[in-house]
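J.: In the numbering used here, the protein residues as written are 98 to 531. Positions of the beta carbon are idealized from the N, C-alpha and C atoms, including for glycine. This structure is a prediction, so every number in the text was calculated from the model and none was measured.
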């Protein structure tokens, strides 16, 4: 989790000697420290004469020119924050979801945990992978086949725990945008158009009923980012913002809205900020590499913000940069391989390995050789810098988004300072070494 304090003044928190580009926000980090991607450019040591590095051991001008668009300035991040806030406000005022890019979905979660909750609950989480869990709270393409598969996962889990005869309530954590129990659209390359506008809980109940070998109690559908915030809030009552940085990205927070009687009340809003920029407001901040990746994706012109941040796309962004450097004779002596030219051959996991402090360059050499390349030490240093540029931009954009949300909450409540804990989950956050 991240502890976040939003105040009404300009704050400049230092991390590795570089000011965080977040206006009016101060960030203190715990666990993997997601936002420590903010760092100074590393001055590389020249080990050869290929011209990738200059005589002072710095990346030469041609390489820097390609990487520079990924290094967003504080002013650019403030502009992105402004666009995000406008998109959020528009989403809150929407008449229907087709009118906006940032959906700002009303989750009907009225408050976070207060530690009075108790009992046993099942959790079924669906993303690219399926997870089934039994949670004990102590005081203090083919739809039918898909849901048959989920029901089978549930049965096997219940059987393994010896509780298949119990009728437990279920929390269904679903990593795709839903409103009023129905999926709005597929994201993160999910293409099951038949599932759109279908009630997810009804489909699951139907699949379970067909089996007649187990049953569940009432079931509640919740987005994974909301589940992340709620689970954190059970242990830390100050948690009012949730963030996912994994294969995809999303955020939620506690918003102050007026009910039908005009009385303000708190409600959790699922922003679905992956689609931020689908209306073109981020075009000035996207690189040619971003645009190339988007056009070759399964869903062009969709999930713009997500494609600049999340683990599903970071590795491919790095690969496209490397191919560009090779084509301009700035890397691997201008020689490429069929594997390097293959889409998604450079994995986001490779970025995590290459950015490790101690063995990063050795890992870079190992990974590049697995792609059929024969890298020099100098090549490995440049590849490491490419990885740093891509992951740092991801961290900057997440930070700008969190600052936007924190300042909105502070302004809504008329506070000079606002302290909260941000609940964070996802493979990028959990596995990135920084």
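My output table needs one value for residue 522: the three-state DSSP class, helix, strand or coil.
T.: Within the chain shown, residue 522 is the residue found at index 425, counting from 1. Residue 522: strand per DSSP, three-state reduction.
J.: Looking at residue 175: is its Cβ nearer than 7 Å to the Cβ of residue 248?
T.: As a working mapping, residue 175 is identified with position 78 in the chain shown. As a working mapping, residue 248 is identified with position 151 in the chain shown. Between residue 175 and residue 248, the CB-CB gap reaches or exceeds 7 Å.
J.: If you compare alpha carbons, which of 366, 486, 302 and 220 is closest to residue 160?
T.: For the purposes of this step, residue 160 is identified with residue 63 of the chain shown, where counting begins at 1. Among 366, 486, 302 and 220, the Cα nearest to that of residue 160 belongs to 486.
J.: Tell me whether residue 221 sits in a helix, a strand or coil according to DSSP, three-state version.
T.: For this step, residue 221 is matched to residue 124 along the chain shown. Note: residue 221 maps to strand in three-state DSSP.
J.: What separation, rounded to the nearest whole angstrom, lies between the Cα atoms of residue 421 and residue 457?
T.: Mapped onto the chain shown, residue 421 falls at position 324. Mapped onto the chain shown, residue 457 falls at position 360. Those two C-alpha atoms are separated by around 22 Å.
J.: Could one say the Cβ of residue 162 lies closer than 7 Å to chain C's Cβ atoms, at least one of them?
T.: Included in the structure is just one protein chain, with no chain C present.
J.: Just checking, does the segment 463–481 make contact with the segment 437–452 on the three C-beta pairs under 8 Å criterion?
T.: In short, these stretches touch, since the Cβ pair count reaches three.
J.: If you compare alpha carbons, which of 414, 279, 282 and 518 is closest to residue 333?
T.: Here residue 333 refers to the residue found at position 236 of the chain shown. Cα-wise, what sits closest to residue 333 is 518.
J.: Tell me whether residue 336 sits in a helix, a strand or coil according to DSSP, three-state version.
T.: Here residue 336 is taken as the residue at index 239 of the chain shown, counted from 1. Note: residue 336 maps to strand in three-state DSSP.
J.: Which runs of the alpha helix (DSSP H) at least 4 residues long sit entirely within the segment 370–423? Give them in chain order.
T.: 385–393 and 401–406
J.: From this set, 504, 323, 455 and 386, which residue's C-alpha is nearest residue 415's C-alpha?
T.: For this step, residue 415 is matched to residue 318 along the chain shown. Considering only alpha carbons, the answer is 386.
J.: Buried or exposed for residue 403, going by 16 or more other Cβ atoms inside 10 Å?
T.: The residue you call residue 403 lines up with position 306 of the chain shown. Per the 10 Å Cβ criterion, buried.
J.: Select from 513, 412, 455 and 405 the residue whose C-alpha is nearest the C-alpha of residue 495.
T.: In the chain shown, counting from the first residue as 1, residue 495 sits at position 398. Nearest in C-alpha terms to residue 495, of all of 513, 412, 455 and 405, is 405.
J.: Quick check on the DSSP output: the beta strand (DSSP E) that includes residue 348 runs from which residue to which?
T.: Here the question's residue 348 lines up with position 251 in the chain shown. DSSP places residue 348 in the uninterrupted beta strand (DSSP E) bounded by 346–355.
J.: Considering only their Cβ atoms, is the gap separating residue 329 from residue 500 smaller than 7 Å?
T.: Stepping through the chain shown from its first residue, residue 500 is reached at position 403. Stepping through the chain shown from its first residue, residue 329 is reached at position 232. Not in contact: residue 500 and residue 329 (Cβ atoms no closer than 7 Å).
J.: Report the residue from 516, 497, 463 and 313 whose alpha carbon sits nearest the alpha carbon of residue 348.
T.: Taking the first residue of the chain shown as 1, we reach residue 348 at position 251. Checking every option, the nearest Cα to that of residue 348 belongs to 497.
J.: Could you tell me if residue 230 is buried or exposed, where buried requires 16 or more neighbouring beta carbons within 10 angstroms of its beta carbon?
T.: Here residue 230 refers to the residue found at position 133 of the chain shown. Residue environment: residue 230 is assigned as exposed (fewer than 16 neighbouring CB atoms within 10 Å of its CB, all protein chains considered).
J.: Relative to the alpha-carbon of residue 266, which residue among 446, 198, 219 and 295 has its alpha-carbon at the smallest distance?
T.: Residue numbering aside, residue 266 sits at position 169 when the chain shown is read from its first letter. Nearest to residue 266 by C-alpha distance, out of 446, 198, 219 and 295, is 219.
J.: Please name the residue in 477, 243 and 294 whose C-alpha comes closest to that of residue 459.
T.: Sequence index remark: in the chain shown, residue 459 carries index 362 (1-based). Of the candidates 477, 243 and 294, the one whose C-alpha sits nearest the C-alpha of residue 459 is 477.
J.: Would you kindly report the start and end of the unbroken alpha helix (DSSP H) that includes residue 257?
T.: The residue you call residue 257 lines up with position 160 of the chain shown. Counting along the chain, the alpha helix (DSSP H) containing residue 257 begins and ends at 240–258.
J.: Would you call the CB atoms of residue 525 and residue 431 closer than 7 Å?
T.: The residue labelled residue 525 in the question sits at position 428 within the chain shown. The residue labelled residue 431 in the question sits at position 334 within the chain shown. No, the Cβ-Cβ distance between residue 525 and residue 431 is not below 7 Å.
J.: Apply the 10 Å Cβ neighbour rule to residue 270 and answer buried if 16 or more other Cβ atoms are within range, or exposed otherwise.
T.: As a position in the chain shown, residue 270 is number 173, starting the count at 1. The residue is buried, with at least 16 neighbouring Cβ atoms inside 10 Å.
J.: From what residue to what residue does the alpha helix (DSSP H) around residue 366 run?
T.: Translated into the one-based positions of the chain shown, residue 366 becomes position 269. Taken as a continuous stretch (DSSP letters only), residue 366 belongs to no alpha helix (DSSP H), being part of the beta strand (DSSP E) at 361–367.
J.: To test your reading of the DSSP string, which unbroken alpha helix (DSSP H) runs of 4 or more residues are found completely within the segment 282–330?
T.: Look at the segment 282–330 and you find these whole runs of alpha helix (DSSP H), each 4 residues long or longer: 297–308.
J.: What does a CB cutoff of less than 8 Å around residue 315 pick up in its chain, not counting 5 residues either side in sequence?
T.: The sequence position of residue 315 within the chain shown is 218, counting from 1. Only 266 and 267 meet the Cβ criterion.
J.: With DSSP as the reference, label residue 188 as helix, strand or coil.
T.: Mapped onto the chain shown, residue 188 falls at position 91. Looking at residue 188 - three-state DSSP - the assignment turns out to be helix.
J.: Straight-line CA distance for residue 306 to residue 312?
T.: Along the chain shown, read from residue 1 onward, the residue named residue 306 stands at position 209. Along the chain shown, read from residue 1 onward, the residue named residue 312 stands at position 215. Between residue 306 and residue 312, the C-alpha separation is close to 7 Å.
J.: Which stretch, first to last residue, makes up the alpha helix (DSSP H) that contains residue 498?
T.: Here residue 498 refers to the residue found at position 401 when the chain shown is read from its first residue. From DSSP, the alpha helix (DSSP H) with residue 498 extends over 474–509.
J.: By how many angstroms is the C-alpha of residue 340 removed from the C-alpha of residue 505?
T.: Position 408 of the chain shown, counted from the start, is the residue given in the question as residue 505. Position 243 of the chain shown, counted from the start, is the residue given in the question as residue 340. Near 16 Å, if we compare the C-alpha coordinates of residue 340 and residue 505.
J.: In terms of alpha-carbon separation, which member of 198, 429 and 393 lies closest to residue 441?
T.: Counting from 1 along the chain shown, the entry for residue 441 is found at position 344. Ranking 198, 429 and 393 by Cα distance to residue 441 puts 393 first.
J.: Within a Cβ cutoff of 6 Å, which residues of the same chain sit near residue 461, ignoring the five residues on either side of it in sequence?
T.: Here residue 461 corresponds to residue number 364 of the chain shown, with the count starting at 1. Taken in chain order, the residues that qualify are 451, 477, 480 and 481.
J.: Using only alpha-carbon positions, find the residue among 321, 170 and 465 that is nearest to residue 444.
T.: Within the chain shown, residue 444 is the residue found at index 347, counting from 1. Closest by alpha carbon: 465.
J.: Can you say whether residue 353 is buried or exposed, counting buried as having 16 or more other CB atoms within 10 angstroms of its CB?
T.: To locate residue 353, count along the chain shown from 1; it is residue 256. Residue 353 comes out exposed.
J.: CA-CA distance, residue 141 and residue 439?
T.: Along the chain shown, read from residue 1 onward, the residue named residue 141 stands at position 44. Along the chain shown, read from residue 1 onward, the residue named residue 439 stands at position 342. Residue placement at residue 141 is flagged as unreliable, the pLDDT there being 28, under the threshold of 50; the coordinate-derived value follows with that caveat. Going by the C-alpha atoms only, they are around 29 Å apart.
J.: Rounded to a whole number of angstroms, what is the C-alpha to C-alpha distance between residue 345 and residue 371?
T.: Counting from 1 along the chain shown, the entry for residue 345 is found at position 248. Counting from 1 along the chain shown, the entry for residue 371 is found at position 274. Rounded to the nearest angstrom, the two C-alpha atoms are 7 Å apart.
J.: For a test of the three-state rule: what should DSSP assign to residue 140, helix, strand or coil?
T.: Counting from one through the chain shown, the residue named residue 140 turns up at place 43. Model confidence at residue 140 stands at a pLDDT of 29, short of 50, so the residue's coordinates are unreliable; what they give is reported in the following sentence. DSSP places residue 140 in coil when its eight states are reduced to three.
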